[in-house]
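Trainee:
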């Protein structure tokens, strides 16, 4: 991973606002490699227009988050929440 | 602009700057009065949004430096060269100004003083900020959880909260070790250079003590420390990490 990557903590704000709950501690499964991990462990590239989240294990793009003014869009790519996050 | 906050819902809100405190040459703490603020957990962060007169907006995440028990919300911001947000926050912002923020955010990189087990904190540079909130939360709740902080900074001048961390009484239950990586005073008795195995042997809880481990700093620092803690036998689910980088400016 290069020095410019962040992690899932960096997209906690738009995820929480859009989904209505805290998401970084939620477990999810990557549909590309099958590994399960918490969203905070995503590798996040935040320098694109929007943030790109990749699986830390297989590096596949699993989500893209864009926020413009008050509009948040999240594109999920073969990425499944494995269990609801603890409240 | 500022809307009435609906409980449980995350929205943008206005906070008023009460005071600005210079921590180092490059970092400032912003003390805020946030009327609609929900109580946060130690380790959480906020998103700060700036709007230019022409409507252009930019936002960044900043860790919360204050304990949930503190009277005011406090952020500590490091000025990043060519940053879009941080130079405004550290150079232009004044007491009495309003700041738009969204938070508290995050539920993974958080520590509560009721959590059993010793606390092992690793900070790289301004990665100390959320860990300072944890130490203040520990002190404010009268927790007796033993804590160790290993803080890597470039020089003594770059150590944020220097007085608070280095001049705390020895009986506080918190052991603080500082590694200076680039330069150090001649009389410096602490670690010189990067965090190495010898320093980890001397200052970090061994796996047998089952500590909760929090690592915050630049990506390279976090990767290096977390890998070595796993090699030392700490279970990965006891290791919580938060990375920041040049895009954090």
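Chains as they are written, first to last, in our numbering: chain X, 171 to 257; chain D, 124 to 372.
Think of the CB as a built atom: it goes at the ideal place given N, C-alpha and C, for glycine as much as any other residue.
Assign residue 205 of chain X to buried or exposed, taking buried as 16 or more other Cβ atoms, counted over all protein chains shown, within 10 Å of its Cβ.
Mentor: exposed
Trainee: Just tell me which of D/285, D/289, D/281 and D/296 has its CA closest to the CA of residue 304 of chain D.
Mentor: D/281
Trainee: Determine the direct distance from the alpha carbon of residue 214 of chain D to that of residue 149 of chain D, and round the result to whole angstroms.
Mentor: 10 Å
Trainee: Give the interface partners of residue 231 of chain X over in chain D, defined as CB-CB distance under 8 Å, in chain order.
Mentor: Within chain D, no residue comes near residue 231 of chain X; the closest Cβ sits about 17 Å away, beyond 8 Å.
Trainee: Measure the alpha-carbon distance for residue 234 of chain X versus residue 188 of chain X and round it to whole angstroms.
Mentor: 13 Å
Trainee: Determine contact between the region 232-240 of chain D and the region 261-275 of chain D, defined as no fewer than three beta-carbon pairs at a distance below 8 Å.
Mentor: Cβ pair count under 8 Å is three or more, so yes.
Trainee: At what residues does the beta strand (DSSP E) containing residue 197 of chain D begin and finish?
Mentor: 196-201 is the extent of the beta strand (DSSP E) around residue 197 of chain D.
Trainee: Please check if any C-beta of chain X sits within less than 9 Å of the C-beta of residue 245 of chain D.
Mentor: Judged by the 9 Å Cβ criterion, residue 245 of chain D is not in contact with chain X.
Trainee: Who are the near neighbours of residue 299 of chain D in its chain, counting only those whose CB is closer than 6 Å to its CB and skipping five residues on each side?
Mentor: 272 and 288
Trainee: In chain D, what lies closer than 9 Å to residue 194 of chain X by C-beta?
Mentor: The answer, in chain order, is 228, 229, 230, 231 and 232.
Trainee: Where does residue 140 of chain D fall in DSSP's three states?
Mentor: Three-state DSSP puts residue 140 of chain D in a strand.
Trainee: Using the DSSP secondary-structure output, state which residues sit across from residue 337 of chain D in a beta bridge.
Mentor: Residue pairing by DSSP puts residue 337 of chain D in a beta bridge opposite D/244 and D/363.
Trainee: How would you write the range of the beta strand (DSSP E) that residue 245 of chain X sits in, first residue to last?
Mentor: 241-246
Trainee: DSSP three-state call for residue 167 of chain D: helix, strand or coil?
Mentor: Residue 167 of chain D: coil per DSSP, three-state reduction.
Trainee: Taking 9 Å as the CB-CB limit, is residue 305 of chain D close to chain X?
Mentor: Under the Cβ criterion of 9 Å, residue 305 of chain D is not counted among the residues facing chain X.
Trainee: Measure how close the beta-carbons of residue 274 of chain D and residue 301 of chain D come, nearest whole angstrom, since I'm counting them as under 8 Å.
Mentor: 5 Å
Trainee: Residue 354 of chain D: which of D/315, D/306 and D/330 sits nearest, CA to CA?
Mentor: D/330
Trainee: Using a Cβ cut-off of 8 Å, pull out every chain X residue sitting near residue 225 of chain D, in sequence order please.
Mentor: 183 and 187
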